[in-house]
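J.: Pasting a structure here, questions to come.
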Amino acid sequence: MKRCVFLVQAAALLLLVLSACSAKPEKAGTSIFAMDTIITMEAYGEGAQEALDEAARRLYSLDDLLSATKEDSEISKINKSAGSFVTVSDEVIRQLEAALEVSRRSGGAFDVSVQPLVSLWGFGTENPHVPGPEVIEEALRYVDYRKIEISGSSVRLSEGMSITLGAIAKGYAAKELSEMLKSRGISSAILSLGGNVQAIGSKPDGSKWRVALQDPKNPAGTAGLFELSDMAAVTSGGYERYFEQDGKIYHHILDPKTGYPSGSGLISVTIVCRDGMTADALSTALFVLGEDKAVEYWRDYGGFEAVLITEDGRMLVTEGLRDSFRQNGENYSLVYVQKGGD
Amino acid sequence: MRRVSNKALIIIFACLLLISAAWILVASNIRQDELTAEIYVDGKLMYRLDLGKVDEEYTIELPHNTVLVGKGEISMLRADCPDQLCVRQGVIRSGLRPIICLPNRVEIRILKDSGVDAVTGGRP
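Set out below in structure tokens:
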């Protein structure tokens, strides 16, 4: 009789497991075009759809506020008034302060005042092209983050300067949205703003989010996989947005020192850290810094982990990612980077 | 008497197990056969296509783009934008990397479970 009870229990358990496969929590998803990219959002739980609707509205308004190309944005106002102070929102100040910190720490490898060069090259416009060396030389005179003054909620650029938040605004948006979603009780969501991924909580079943790393040498494939919860993963790479002129490829990440697309030897830099805004700025900074200085930055300041892929086929992974990252395929030879040096 | 009933129960249990195993197999096979692609323009779903059921290649004309639909794959054949990044991306066969034409706000997505929730990459 006991055995009989056991068998019935086992059968009931089996049925339960099978039926659990079809019982899923409320899921909502949307994708919108804003901030010069496509933004995909997925959220789970009660009120997920309403939360994403609010997120979309928030993204459109951030886009209006932060765009360097929209006439009425706060950034355009700062740029048009170069030479005098302009009062701006808290959101702009917070990003500028975060940006300036990365600028100082990277010795100017990351610089929001790179906008004169961006417009010269025409990235984001219909006609990107290689500018002449003398105009690049001229534009470089106006690229210097040290000449951005912040006083309370006012900003002043020196004359001739202009800024762009292109390398930090998406990360800021990801950070803001993740806080907004959490405050609405959403504990499971994943946002993707171009190359910026923000994982909120874990998957509905409690497991970690699986975030693939695109392979820079074969963009249709993946070079690795992160398993993350409550974490941002942001990648900078030149292989998705570029143009060709006279048989040469020019990617969109400019080196503020030379005025040309960065040729640091790194082809992909991924930053993993809780703060999506910092991750965004750091991915660009380390991409421009190149392998040695990027590793040095990580050792000096920490607070994040990174995967660097070099042109010559190496994948450098900081030691904090040992458990949450694994390589896919054998396109790159993997090296772990230690805190203590080698 | 008691021994017989136990045996019967074991047989019933085994059958149940077999049936459920078969069910899982069939369900996963169905999922593999289906390969649905969706074409969005400015966030609105314009087409939903079963790529598994394409016998002969055909094209779909959008206001600024032409999409080429093949068996198990889909690609952007033409775009009137200057960067041509979506055309250069070539064919996609999985959900890993949708085709995006940013200037014309077109997204072509394949709904196939790649086992991945998001991709971080060089897309700005």
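Just so you know, the protein sequences line up as chains A and W, in that order. Note that the first sequence covers residues 0 to 341 in numbering that gives the first Met the number 0. Note that the second sequence covers residues 0 to 123 in numbering that gives the first Met the number 0. Glycine residues also receive a C-beta, built at the ideal position from the N, C-alpha and C atoms. Predicted model, so just to flag it, every value in this text is computed and none were measured.
Output the distance between the C-alpha atoms of M179 (chain A) and F12 (chain W), rounded to the nearest integer angstrom.
T.: Numbered from 1 along the first sequence, position 180 holds the residue referred to as residue 179 (chain A). Numbered from 1 along the second sequence, position 13 holds the residue referred to as residue 12 (chain W). In a straight line, the C-alpha of M179 (chain A) is about 50 Å away from that of F12 (chain W).
J.: Just tell me which of W:E37, W:L50, W:L95 and W:L17 has its CA closest to the CA of E72 (chain W).
T.: Position 73 of the second sequence, counting from 1, holds the residue named residue 72 (chain W). Minimum Cα distance to E72 (chain W) is reached at W:L50.
J.: Any idea which residues DSSP pairs V334 (chain A) with across the strands?
T.: Here the question's residue 334 (chain A) lines up with position 335 in the first sequence. Its beta-bridge partners are A:L315.
J.: Using the three-state DSSP reduction, which class does L44 (chain W) fall into: helix, strand or coil?
T.: For this step, residue 44 (chain W) is matched to residue 45 along the second sequence. Reduced to three states, the DSSP call for L44 (chain W) is strand.
J.: Which class does V91 (chain A) belong to by DSSP, given the choice of helix, strand or coil?
T.: Numbered from 1 along the first sequence, position 92 holds the residue referred to as residue 91 (chain A). The answer is helix: DSSP assigns V91 (chain A) an H, G or I state.
J.: Any C-beta of chain W sitting closer than 9 Å to the C-beta of R209 (chain A)?
T.: The sequence position of residue 209 (chain A) within the first sequence is 210, counting from 1. Closer than 9 Å: yes.
J.: In terms of DSSP beta bridges, what is T234 (chain A) paired with?
T.: As a working mapping, residue 234 (chain A) is identified with position 235 in the first sequence. Answer is A:T269.
J.: Counting only runs that start and end within the region 239 to 294 of chain A, where is the alpha helix (DSSP H) found for 4 or more residues in a row?
T.: Listed in chain order, they are 275 to 288.
J.: State the CB to CB distance for the pair D274 (chain A) and K174 (chain A), rounded to an integer number of angstroms; the pair is presumed to be in contact (CB under 8 Å).
T.: Translated into the one-based positions of the first sequence, residue 274 (chain A) becomes position 275. Translated into the one-based positions of the first sequence, residue 174 (chain A) becomes position 175. Confirmed, about 6 Å.
J.: Quick one: what's G223 (chain A) bridged to in DSSP?
T.: By one-based count along the first sequence, residue 223 (chain A) stands at place 224. According to DSSP, G223 (chain A) bridges with A:L212 and A:Q326.
J.: From Y241 (chain A) to D143 (chain A), what does the alpha carbon distance come to, in whole angstroms?
T.: Here residue 241 (chain A) is taken as the residue at index 242 of the first sequence, counted from 1. Here residue 143 (chain A) is taken as the residue at index 144 of the first sequence, counted from 1. Those two C-alpha atoms are separated by around 25 Å.
J.: Are any of the Cβ atoms in chain A nearer than 9 Å to that of P97 (chain W)?
T.: Against the second sequence, residue 97 (chain W) aligns to sequence position 98. Closer than 9 Å to some Cβ of chain A, the Cβ of P97 (chain W) qualifies, so yes.
J.: Can you confirm whether L84 (chain W), when its beta carbon is compared against all beta carbons of chain A, has any partner nearer than 9 Å?
T.: Position 85 of the second sequence, counted from the first residue, corresponds to residue 84 (chain W). Yes - at least one Cβ of chain A is within 9 Å of the one on L84 (chain W).
J.: For Q80 (chain A), is the classification buried or exposed, using 16 other Cβ atoms within 10 angstroms of its Cβ as the cut-off for buried?
T.: Start at 1 with the first residue of the first sequence, and residue 80 (chain A) comes out as number 81. Correcting the residue type first, residue 80 (chain A) is Ser in the shown sequence and not Gln. By the neighbour-count rule (16 or more Cβ atoms within 10 Å), S80 (chain A) is not buried but exposed.
J.: With DSSP run on the structure shown, which of helix, strand or coil describes V68 (chain W)?
T.: On the second sequence, residue 68 (chain W) is found 69 positions in, with the first residue counted as 1. Looking at V68 (chain W) - three-state DSSP - the assignment turns out to be strand.
J.: Closest Cβ-Cβ distance between N343 (chain A) and chain W: below 9 Å?
T.: Chain A is shown only over 0 to 341; residue 343 (chain A) falls outside these bounds and no answer can be derived.
J.: Hey, how far is the Cα of D62 (chain A) from the Cα of T36 (chain A)?
T.: Sequence index remark: in the first sequence, residue 62 (chain A) carries index 63 (1-based). Sequence index remark: in the first sequence, residue 36 (chain A) carries index 37 (1-based). Going by the C-alpha atoms only, they are around 11 Å apart.
J.: Would you say the region 105 to 120 of chain W touches the region 201 to 217 of chain A, given that touching needs at least three Cβ pairs under 8 Å?
T.: Yes, the region 105 to 120 of chain W touches the region 201 to 217 of chain A.
J.: What separation, rounded to the nearest whole angstrom, lies between the Cα atoms of R321 (chain A) and V40 (chain W)?
T.: On the first sequence, position 322 is the one that residue 321 (chain A) refers to. On the second sequence, position 41 is the one that residue 40 (chain W) refers to. Going by the C-alpha atoms only, they are around 41 Å apart.
J.: Closer than 8 Å by beta-carbon distance: list the chain A residues that pair up with E106 (chain W), in chain order.
T.: On the second sequence, residue 106 (chain W) is found 107 positions in, with the first residue counted as 1. Correct list: S30 and I37.
J.: Whole angstroms are fine: how far does the CA of G159 (chain A) sit from the CA of F324 (chain A)?
T.: As a working mapping, residue 324 (chain A) is identified with position 325 in the first sequence. As a working mapping, residue 159 (chain A) is identified with position 160 in the first sequence. Rounded to whole angstroms, F324 (chain A) to G159 (chain A) spans 44 Å at the Cα level.
J.: Can you check which of these residues, A:A168, A:Y259 and A:E25, is closest to G44 (chain A) by C-alpha distance?
T.: Looking up residue 44 (chain A) in the first sequence gives position 45. It is A:E25 whose Cα lies nearest to the Cα of G44 (chain A).
J.: Can you confirm whether G121 (chain W), when its beta carbon is compared against all beta carbons of chain A, has any partner nearer than 9 Å?
T.: In the second sequence, counting from the first residue as 1, residue 121 (chain W) sits at position 122. Cβ-Cβ to chain A under 9 Å: yes for G121 (chain W).
J.: Could you tell me the distance, in whole angstroms, from the CA atom of Q31 (chain W) to the CA atom of A172 (chain A)?
T.: As a first step, residue 31 (chain W) is located in the second sequence; it is residue number 32 there, counting from the start. As a first step, residue 172 (chain A) is located in the first sequence; it is residue number 173 there, counting from the start. Caution is warranted here: a pLDDT of 48 is assigned to Q31 (chain W), below 50, making its placement in the model unreliable, and the coordinate value is therefore given only provisionally. Taking the straight line from one Cα to the other gives about 36 Å.
J.: Let me know the alpha helix (DSSP H) ranges lying completely inside the region 32 to 82 of chain A, each 4 residues or longer, listed in chain order.
T.: Fully enclosed alpha helix (DSSP H) runs of 4 or longer: 47 to 65 and 73 to 79.
J.: Thinking C-alpha only, which one of A:S118, A:T234 and A:I167 is nearest V271 (chain A)?
T.: Position 272 of the first sequence, counted from the start, is the residue given in the question as residue 271 (chain A). Among A:S118, A:T234 and A:I167, the Cα nearest to that of V271 (chain A) is on A:T234.
J.: May I ask which residues mark the beginning and end of the alpha helix (DSSP H) holding I85 (chain W)?
T.: Mapped onto the second sequence, residue 85 (chain W) falls at position 86. The sequence shown places Cys at residue 85 (chain W), not Ile. L84 to R87 is the span of the alpha helix (DSSP H), which, as asked, contains C85 (chain W).
J.: Between R240 (chain A) and chain W, is the shortest Cβ-Cβ distance under 9 Å, so that the two count as touching?
T.: For this step, residue 240 (chain A) is matched to residue 241 along the first sequence. With 9 Å as the cut-off, R240 (chain A) counts as an interface residue toward chain W.
J.: Check the Cβ of I189 (chain A) against every Cβ in chain W and list those closer than 9 Å, keeping chain order.
T.: For this step, residue 189 (chain A) is matched to residue 190 along the first sequence. Going along chain W in sequence order, the residues near I189 (chain A) (Cβ under 9 Å) are D116 and A117.
J.: From which residue to which residue does the alpha helix (DSSP H) around A173 (chain A) run?
T.: Here residue 173 (chain A) refers to the residue found at position 174 of the first sequence. From DSSP, the alpha helix (DSSP H) with A173 (chain A) extends over A168 to S182.
J.: By how many angstroms is the C-alpha of I162 (chain A) removed from the C-alpha of I74 (chain A)?
T.: Sequence index remark: in the first sequence, residue 74 (chain A) carries index 75 (1-based). Sequence index remark: in the first sequence, residue 162 (chain A) carries index 163 (1-based). For I74 (chain A) and I162 (chain A), the distance between alpha carbons rounds to 7 Å.
J.: On the three-pair Cβ rule with 8 Å, is the region 241 to 261 of chain A touching the region 131 to 150 of chain A?
T.: Yes, since at least three Cβ pairs between the region 241 to 261 of chain A and the region 131 to 150 of chain A fall closer than 8 Å, the two stretches touch.
J.: Have a look at the DSSP bridge pairing and note the partners of N217 (chain A).
T.: On the first sequence, position 218 is the one that residue 217 (chain A) refers to. According to DSSP, which records beta bridges pairwise, N217 (chain A) is partnered with nothing at all.
J.: Between which two residues does the alpha helix (DSSP H) holding V53 (chain W) run?
T.: Within the second sequence, the letter at position 54 stands for residue 53 (chain W). First-last for V53 (chain W): undefined, no H or E at that position.
J.: Measure from the alpha carbon of S282 (chain A) to the alpha carbon of each residue in A:Q244, A:P132 and A:K169, then state which is nearest.
T.: To locate residue 282 (chain A), count along the first sequence from 1; it is residue 283. Checking every option, the nearest Cα to that of S282 (chain A) belongs to A:K169.
J.: May I ask which residues mark the beginning and end of the beta strand (DSSP E) holding V90 (chain W)?
T.: Numbered from 1 along the second sequence, position 91 holds the residue referred to as residue 90 (chain W). No beta strand (DSSP E) holds V90 (chain W); DSSP gives it neither H nor E.
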